[in-house]
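Residue numbers (my numbering), protein chains in the order written: chain A, 58 to 363; chain B, 16 to 506; chain C, 15 to 323. For each residue, glycine too, the CB sits at the ideal point set by N, CA and C. As structure tokens, the structure follows; a few thoughts come after it.
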Amino acid sequence: MAWLVLRRALWAIPVLWVVATVTFILVRVVPGGPFDAEKNLPPGIVANIKAKYHLDRPVAEQYLLYLGRLSRGDLGVSYKYANRTVNDILSDAFPVSVQLGAMALAIAVLAGVPLGTVAAVRRGRLLDFACMTLSTVGISVPSFLVGALLIYLLGIWLKALPVALWESPRHMILPALTLSFLPCAYVARLTRASVLEVMQKDWVRTARSKGLSPAVTIVKHVLRNSLVPVVTILGPLTAVLITGSFTVEYIFAVPGMGRFFITAVINRDYDLIMATSLIFALILIVSNTLVDIAYTFLDPKIRLEH
Amino acid sequence: MNIGAEPPSLDWGVTTDSTSFDVISNLQVGLTQYNGSLQCAPACAERWEVLDGGRRYVFHLRGDVLWSDGRRLKASDFEEAWKRLLDPRTGAQYAYYLYDIENAFAFNTGRIKSGDAVGVKALDDRTLEVRLKRPAAYFIYLTAFCPSYPIRKDVIDRWGDRWTEPEHIVTNGPFLLKDWKHEYKIELAANPLYFEGEPDLKKIKMFMVAEQSTAFALYENDELDYVDNRSFSTPDVERCRSSPQYHNVPLLRNNYIGFNVTRKPFDDRRVRLAFTQAVDRRVFPAILRRNELPAASWIPPQLPGYAPDSGPPYNPERARQLLAAAGYPAGAGFPVVELLYPNREDTRLVVEEIQDQLKRNLNVRIELVAQEWKVYLETLHRDPPPMFRNSWGADYPDPETFMNLFTTYNGNNSTRWSSSVYDRLIEAAEAEQDAGRRADLYRRADRLLCRQEAPIVCTYLSTQNLMVKPWVHGMEFNSLDIQFFKGVTVR
Amino acid sequence: MSSTVEQLSAQQPGGGEPPQPPAGQGLVPATWRRLKRITLSYASFWVIVFMIALSLLSWLGVPLSPYAYDQTTSATLSAPSAAHPMGTDELGRDLLARVIYGSRLSMMIGLTTALIALFFGTIYGAIAGYCGGRVDAILMRGVDVAYALPDLLVMILVGVLVGRGTGGILTALGLISWMGTARLVRAQFLQLKHEEFVEAARSCGQGPLALIFKHLLPNSIGPILVALTFIVPAAIISESTLSFIGLGLSPPACSWGTLASEGWRSLRTHPHLILFPSLFIFLTVLSFNFLGDGLRDALDPRTRLATRR
């Protein structure tokens with residue numbers, strides 16, 4: 058396992074480098090620059106600002122300067138928030154997103170797996186149909202609508218939860234629920250498909266014929282063997298959820314980092330764009346590695362090296 | 016309350032947007048301030064004299080105005096502020112507001128290197144003298160406007176760009192900047208040193224909730240005490256219109272469709288006139304549903320110079336004739352033209368309606384192009400498309416703030432329309448001291464702009480829609496859309 | 015946002031898909047016969063046919079509603095009535111006409127995105143899966159990189175290159191959606207290439223191209239088809255999210271997605287604005303999912319028995 062972690066860590070460096078390079082090229086190919094929207098700035102001032110951020114140098118030199126700073130852990134400066142560095146901005150926003158994302162992930166798994174299992178066991182029955190329709194709602198209703206409905210039902214109508222803002226743990230519940238809606242639906246569908254698959258295996262029939270109760274069979278044998286595909290998608294899912302969601306943050310006024318994936322691009326805030334994609338890549342690599350480790354616990358047959 | 020978005024900067028020498036002004040107006044006070052009827056009342060200046068036929072102003076400062084760090088306010092704080100605003104190295108967009116001051120234009124555009132010749136001078140600690148290059152009837156309003164507020168040069172020199180952070184900023188207004196969680200909220204606290212006495216309201220939380228319906232839900236759950244348009248989606252306005260908490264305030268903000276007159280086919284005056292007469296403005300209040308006032312002329316009814324007939328009538332028949340005269344009978348051969356608009360709910364509805372009206376009345380096709388706000392601004396500034404949707408809110412209650420926009424030399428005139436007749440009318444109005452004659456000059460210019468030349472199609476005047484909780488007292492609303500909290504109490 | 019949906023969707027069917035016997039002559043008719051027995055999936059199939067027909071008819075200019083989708087009237091925001099079965103919007107436009115018009119863009123976006131994603135994803139995944147080893151490792155890290163690139167940046171770039179119309183949105187959504195399919199096809203190939211029938215074909219001297227096109231691809235068609243039925247709804251939703259952040263279609267053009275993203279604020283005052291577009295999205299997504307489930311079963315002989323009821 059140590060070998061796996063080491064190997065992935067070594068792979069991470071070229072992957073991050075490629076991500077940095079491609080993003081670097083993309084942001085400079087896309088038309089528009091960070092200071093375009095500032096109207097009426099005298100040319101001298103623009104030149105001063107560009108010199109301050111080294112944007113007056115040749116692109117190749119900017120690239121080397123960037124890599125140099127990156128290797129020292131300096132993610133650069135934000136042009137839009139003139140007095141804040143990218144490290145400042147992300148150290149405020151990232152923890153918020155992690156809390157929200159982790160909570161949503163937990164909800165998605167804890168609700169999705171049982172839902173999918175029940176649907177599989179009751180295959181073709183009303184309960185199956187109900188579970189699958191519910192999960193289709195999760196897939197087909199855009200998250201802004203889910204958020205609005207939850208705000209109305211739980212926040213305004215029942216007054217059970219705060220409708221928005223980020224002040225206390227109770228404030229996290231509605232955004233987390235909204236964020237978990239879609240992944241929960243996918244986890245449910247995935248679990249259902251996988252459980253169905255495993256239930257047809259001969260050894261399950263054997264277990265049943267030996268007199269094990271259906272519940273015990275499902276929980277102890279089937280589920281454990283069905284979780285491999287679910288765990289597989291947890292890798293990218295984790296990366297997506299804990300780097301935040303623009304829509305959910307927007308609806309609930311959560312100061313997370315998901316918004317920067319959109320606003321940084323819109324503002325052409327070069328360093329912030331680079332930082333968001335690098336963080337996403339890093340988390341993706343880490344969570345995929347964790348998933349591979351989790352395999353060994355779930356299914357000893359899966360060997361780490363192929 | 017909710018301010019909707021992160022203020023780009025709390026440096027009143029640099030910032031230009033209303034979100035920042037909302038905060039700054041409660042942190043800082045200038046020479047004068049608006050009273051309830053939007054006239055300039057004494058603030059840091061206890062009195063002032065207008066001398067030399069309107070060319071020279073002398074302000075006498077109160078002696079008891081303290082900065083939040085305890086230092087006394089001096090006249091030189093104003094001199095330094097105004098020179099900083101004009102200094103080309105500051106890059107202040109609002110520098111042109113002070114262009115009426117002697118040598119201000121030359122200094123700001125780099126024609127003279129030193130600010131010493133600029134006509135603003137602290138005669139002593141409590142006397143400020145301002146010399147104008149010519150009389151300007153609206154000048155006193157500028158002394159109540161955020162960019163003219165005094166600064167603490169020592170603080171700015173010490174902290175540079177970071178001087179507006181709560182731990183560094185020094186102000187003299189009714190409230191202090193206590194906390195600023197970027198992209199989330201700003202907290203203000205009552206200033207015990209405020210010269211009119213510490214405000215009754217001890218704390219203001221300004222959240223930055225971008226989504227209107229979320230902000231309104233917060234209001235419904237008593238987490239916000241006061242909301243305005245930024246937190247008030249149109250369906251919510253409809254639902255709450257009969258509530259005693261609801262207020263509707265007409266604003267000095269006019270909305271228009273501009274033409275880039277250097278682009279075909281809008282270089283032809285007849286085409287522009289055809290368009291402006293083919294738009295039925297009566298439908299806008301029904302679409303936007305916020306009690307908007309249809310407007311065909313540029314000066315709003317609350318201001319001198321307004322005349323009901325300055326704008327063009329709605330006359331599709333005449334419009335078709337004009338279009339035919341310009342070479343496009345029944346719209347034949349008319350190119351598909353782009354209409355640029357900022358991507359917002361209300362603007363989208365307006366341009367979609369205009370698109371359909373022009374298709375029905377003139378048989379011309381308009382292609383709508385939405386851009387994100389900043390990109391939109393940049394496009395307007397750099398290369399205005401044939402048509403664009405824009406609006407202008409008054410900076411001070413005088414027709415000048417509207418009419419100056421379409422002069423040849425105004426940087427925000429995206430129509431590229433240039434008329435020496437118009438420019439001369441505006442210049443004459445600026446210098447005119449007699450109110451009646453001045454209004455008449457503006458009226459003539461307005462008619463020229465909207466009815467004869469039509470580089471713009473005026474559409475409607477905006478309103479502010481607010482909800483205030485019954486326990487909040489002393490809220491006063493004005494048509495400039497600035498909210499002052501110093502007189503507010505919560506019981 | 016959109017890639018979230020993609021990567022979740024495309025991976026599902028890959029999980030434990032069993033290998034299928036080589037495709038026979040009667041694959042399509044046989045599948046069809048089996049599909050017919052699964053009532054829910056069969057019904058879903060016809061719902062989808064109906065939706066596609068709706069969009070095609072409106073495309074061909076067949077007037078399906080007495081109103082044009084962009085015709086404003088003075089009856090703004092009226093509730094559903096005999097004249098306007100789905101009511102009208104803020105500008106008095108008939109919502110039924112707009113929903114019908116919207117079906118064309120939504121279905122086109124859904125299907126085209128899926129085809130683009132399928133094309134690129136299959137080629138990429140096939141190469142990685144077939145070659146395996148070092149090539150596979152490098153290509154899969156490439157997928158990681160593609161995931162990490164900011165979607166919006168790619169979209170803006172595509173918008174500049176292709177234009178910001180429907181074509182731009184289609185290309186952009188396709189470009190950020192292929193990774194899931196690539197992973198799926200790769201996993202399938204990795205599994206299949208050591209199966210006996212593939213080894214047999216190889217030992218008969220068939221080249222790599224023949225192996226891929228004659229044996230590996232036909233046997234992966236089941237999971238790929240199923241993935242397709244997941245990508246389509248995901249793209250429809252992605253487009254509504256695009257409209258939500260203001261990068262959607264240029265009005266008065268509309269899709270179900272733009273209708274939903276414009277109507278959701280009226281949830282409490284004019285629910286018909288959000289109800290009908292959402293209903294159509296829901297119905298379509300539901301149908302694609304049930305069809306996907308049915309296809310999976312119909313294509314897999316081992317689950318055949320279980321589906322007979």
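* In terms of residue numbering, what span does the beta strand (DSSP E) encompassing B/Glu61 cover? -> Ala60 to Leu66
* Considering only residues of the segment 64-115 of chain B, which uninterrupted alpha helix (DSSP H) runs meet the minimum length of 4 residues and lie entirely inside it, listed in chain order? -> 90-101
* Residue range of the beta strand (DSSP E) that C/Ser120 falls in? -> Segment Leu109 to Cys145 is the alpha helix (DSSP H) holding C/Ser120; no beta strand (DSSP E) there.
* To do: Would you mind working out which of B/Leu143, B/Lys148, B/Glu94 and B/Tyr475 sits nearest B/Phe120, comparing C-alpha positions?
  => B/Lys148
* Asked: How is the beta strand (DSSP E) around B/Pro357 delimited, first residue to last?
  -> Val352 to Pro357
* Asked: How many Å lie between A/Ser251 and A/Val244 at the Cα?
  -> 10 Å
* **Residues that B/Val350 contacts on chain C, provided the C-beta gap is smaller than 7 Å** => Here residue 350 of chain B is Pro; the residue named in the question, Val, does not match the sequence. Here the premise fails: no neighbours, minimum Cβ distance about 17 Å.
* Asked: With a cut-off of 8 Å, does the C-beta of A/Ser334 fall near any C-beta of chain C?
  -> yes
* Validate contact between the segment 305-312 of chain C and the segment 46-59 of chain C using beta carbons, cut 8 Å, 3 pairs -> Below 8 Å, enough C-beta pairs join the segment 305-312 of chain C and the segment 46-59 of chain C to call them touching: three or more.
* Hey, out of C/Leu167, C/Thr195 and C/Gly271, whose CA is closest to C/Gly143's CA? -> C/Thr195
* **Min CB distance B/Ala232 to chain A below 8 Å** => yes
* Contact set for B/Val487: own chain, Cβ-Cβ below 7 Å, skip 5 residues either direction -> Asp240, Tyr241, Val503 and Val505
* Boundaries of the beta strand (DSSP E) in which B/Asp139 is found, first to last residue -> Val135 to Asp139
* Between A/Phe337 and A/Thr300, is the Cβ-Cβ spacing less than 8 Å? -> Taking 8 Å as the Cβ cut-off, A/Phe337 and A/Thr300 qualify as a contacting pair.
* Asked: For the segment 271-292 of chain C, which residues have a beta carbon sitting closer than 7 Å to at least one beta carbon of chain B?
  -> Arg279, Ser280, Arg282, Thr283 and His284
* Residue from C/Leu239, C/Leu289, C/Met122 and C/Ile62 whose Cα sits closest to the Cα of C/Ile182 -> The residue you asked about is not Ile; residue 182 of chain C is Gly in the sequence shown. Checking every option, the nearest Cα to that of C/Gly182 belongs to C/Met122.
* DSSP beta-bridge partners of B/Ala205 -> Partner residues in the beta bridge of B/Ala205, as assigned by DSSP, are B/Phe190.
* Could you please tell me which residues of the segment 79-110 of chain C, in chain order, have their CB closer than 8 Å to any CB of chain B? => Asp84, Gln85, Thr86, Ser88, Thr90, Glu104 and Leu105
* Asked: In chain order, what residues of the segment 467-497 of chain B put their CB closer than 7 Å to some CB of chain A?
  -> none
* Closest Cα partner of A/Gly292 within the set A/Glu306, A/Trp60, A/Arg141 and A/Val343 -> When only C-alpha atoms are compared, the closest one is A/Val343.
* To do: Keeping to the same chain, check which residues put their C-beta closer than 6 Å to that of C/Tyr83; ignore five residues upstream and five downstream.
  => Ala111, Arg112 and Tyr115
* Any idea what DSSP makes of B/Tyr49, helix, strand or coil? -> Here B/Tyr49 sits in strand by DSSP.
* Asked: Taking 8 Å as the CB-CB cut-off, is B/Gln54 touching chain C?
  -> No, no contact with chain C.
* To do: For my contact list, A/Leu231 and A/Ile208 are in at a C-beta cut-off of 8 Å; report their separation, rounded to the angstrom.
  => That belief holds up - the Cβ atoms of A/Leu231 and A/Ile208 are roughly 7 Å apart, short of 8 Å.
* To do: Output the distance between the C-alpha atoms of B/Val509 and B/Phe499, rounded to the nearest integer angstrom.
  => Any question about residue 509 of chain B goes unanswered here, given that chain B covers just 16 to 506.
* Interface flag, A/Gly212 vs chain B, CB-CB below 8 Å -> At least one CB atom of chain B sits nearer than 8 Å to the CB of A/Gly212.
* Asked: Does C/Pro266 have its Cβ less than 8 Å from a Cβ in chain B?
  -> Output row for C/Pro266: interface = yes.
* For A/Lys96, which of helix, strand or coil comes out of DSSP? -> With a pLDDT of 45 at A/Lys96, under the threshold of 50, the predicted position of this residue should be treated as unreliable, and no value is reported.
* To do: Taking A/Tyr110 as the query, report the chain B residues whose CB atoms sit under 9 Å from its CB, ordered along the chain.
  => Chain B residues near A/Tyr110: none, gap ~13 Å exceeds 9 Å.
* Could you check how far apart the C-beta atoms of C/Ala131 and C/Trp192 are, in whole angstroms? I think they sit under 8 Å. => C/Ala131 to C/Trp192, Cβ: 5 Å. Contact.
* Which runs of the alpha helix (DSSP H) spanning at least 4 residues fall entirely within the segment 304-368 of chain B, listed in chain order? -> 331-340
* **Inter-residue Cα distance where the pair is A/Ile340 and A/Gly158** => The straight-line gap separating the alpha-carbon atoms of A/Ile340 and A/Gly158 is approximately 12 Å.
* **Burial state of C/Trp278 (16 or more Cβ within 10 Å)** => buried
* Could you tell me whether the segment 153-163 of chain C touches the segment 60-77 of chain A, using the rule of 3 or more Cβ pairs below 8 Å? => Judged by Cβ distances under 8 Å, the segment 153-163 of chain C makes contact with the segment 60-77 of chain A, as three or more pairs qualify.
* Asked: Apart from the five residues on each side of it in sequence, which residues of its chain come closer than 6 Å, Cβ to Cβ, to A/Ala310?
  -> Ala221 and Leu222
* Beta-carbon separation of C/Leu273 and C/Thr45 under 8 Å? -> No, the pair does not count as a contact, with Cβ atoms beyond the cut-off.
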